[in-house]
Every structure is written in C-alpha cells, then in structure tokens.
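In the working numbering, the protein residues as written are 2 to 273.
From the three backbone atoms N, C-alpha and C, an ideal C-beta is built for every residue, glycine too.
Notes to accompany the following structure.
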C-alpha cells in the first residue's frame, strides 16, 4: 500500500496516538520537536513521499497534540511508551528520525531498549557552551504554572523567548498572527519537551551516561546555516556516541529541505 493511511496506536496508559503513514518498505518513524506535529510540519509528509519506494514512513501526533489524546500525569517514560506502541504497529524494528527535542526523545527511547535499528537526529537543541543564554533553571515550573493558571499564551511566549531565543517584540507580532491559536492549543505540551531536554540546555557538557546504552548506528545532522550553538551541540553529541556520524545538510537555521533530508536518510540507511 503506497497511499497515505491515517490511523492510531494505543499507548500503554491508554493514550491514543494518531499517525499517518506513506509508502512501503521498512518502517521509518518521525518524531517532531516542541510544539510541532504533522499537520503543521508538511516536511514530514514530503519526506515520506520521497522515500515511499523504499520506506513506510510514519509521522505521528505526540500526546496532547493534533488528533492524539493525553493522559495525566506526564512522564518522559510515557512518551517512550507511545513510540513503542507505534513501532509495534509499524512492525519492529524501525528506523527512528527525530527533529529538535524529538531527537532527544529518540535517543532516550533507544537507550531504553526499544526495537530501533538506527537513529537519525536533526539538530537536538543542546546548549553546551556560552554562545547563547542557558535555559532558565525554573523553565519547566514556569510553563506548568502558566498552563495551570489558564495562560497558555504565556507558556508559548516563554518557549519562544527562553528556548527558541526570539526577542519579545517578535513574539508580540506572532501573537497577532493566525498561527497563535495553534501555539496556544499545544502550549500544555511544551513542558513535556522541557522535561525531555532536562539540563542539556544549561551550557554544561552533555551527560556521559544518559545515552551510554545507545549502540545503534546514529546519524547526527545540522543545517549549514543554523545557529552556532546548535552546531556545537550536535558535534558534542557525535563525539559522545561511539556509533555516531556527523553530517551537515543544506538548510537554514532549524530546518532542512525535504529532498535533502530524504537523500541523507536514504544514504544512511543504505550504509547501515
């Protein structure tokens, strides 16, 4: 079956995880980063269609976003279980590709022993030096408080300023755009990615033990025009993982064109 199919997997805690699949072949699962999900990230579908002759690509709504449900209380382990449920539906083992903080979730899932043959990671947003301000130590707490107080817009603004690094005046403009209701809708999930990142955006070296159990071939990518701190962070990860390959791909800042990304994923899969 080569046409796209929309369906759902059920996680261990009963959370329904909606996904769409394209193509045929070995399973490739895409994990979005903070705030993103397939309906607002068309690159996932473009990549899936470009690889459709060789891979069955799955893009899913992480819990609390899009068509997926959510179940309290949150823990990073629940998101690993979500991915495990999707891998079971897709047919283990699977290649897993993660964008941004989704790349860190992919690493955690591989370290937890999920049935993953290879990892491809695009710009995990580690901050391992002083080239940009660290994430505030109370970041997750402030996100939780804003959502609990019924201020999802404030949570989204904190993400955009403290995590993404946008100036406040730029966020003021985004608040007036058609995109803002989407940000407010996913705001309760922003703290999830904050928990996944942990202290890896503090400016300190990456933890040497967190992903020590990751032994599968791993492609660590960054765009050619990205932020300097991203390049430093991806280099640090590649040096940390003995099975990692570092690759710069054509792209600007925190994105990459679908054709370039699909080509990199195909070449990586053929080599491993």
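Helix, strand or coil at residue i according to DSSP, with G and I counted as helix
| i | result |
| --- | --- |
| residue 235 | helix |
| residue 167 | coil |
| residue 181 | helix |
| residue 16 | coil |
| residue 263 | helix |
| residue 75 | coil |
| residue 217 | coil |
Identified DSSP bridge partners for residue i
| i | result |
| --- | --- |
| residue 119 | 96 |
| residue 27 | 56 |
| residue 41 | Beta-bridge pairing links residue 41 to no other residue. |
| residue 223 | 249 |
| residue 140 | DSSP output for residue 140 lists no bridge partner at all. |
Integer Cβ distance of residue i from residue j, believed to fall under 8 Å
| i | j | result |
| --- | --- | --- |
| residue 19 | residue 9 | 5 Å |
| residue 5 | residue 22 | 7 Å |
Proximity to residue i [Cα-Cα], best of the options
| i | options | result |
| --- | --- | --- |
| residue 234 | 265, 218, 200 and 258 | 200 |
| residue 148 | 191, 206 and 26 | 191 |
| residue 230 | 166, 70 and 100 | 166 |
| residue 187 | 252, 110 and 66 | 66 |
| residue 241 | 213, 29, 217 and 92 | 213 |
| residue 219 | 236, 204 and 160 | 236 |
| residue 206 | 130, 90, 50 and 7 | 130 |
Residue i vs residue j beta-carbon contact at 7 Å
| i | j | result |
| --- | --- | --- |
| residue 107 | residue 97 | yes |
| residue 103 | residue 57 | no |
| residue 128 | residue 198 | no |
| residue 156 | residue 144 | yes |
| residue 250 | residue 272 | no |
| residue 122 | residue 221 | yes |
| residue 28 | residue 95 | yes |
| residue 72 | residue 14 | yes |
| residue 172 | residue 184 | no |
| residue 24 | residue 53 | yes |
| residue 12 | residue 83 | yes |
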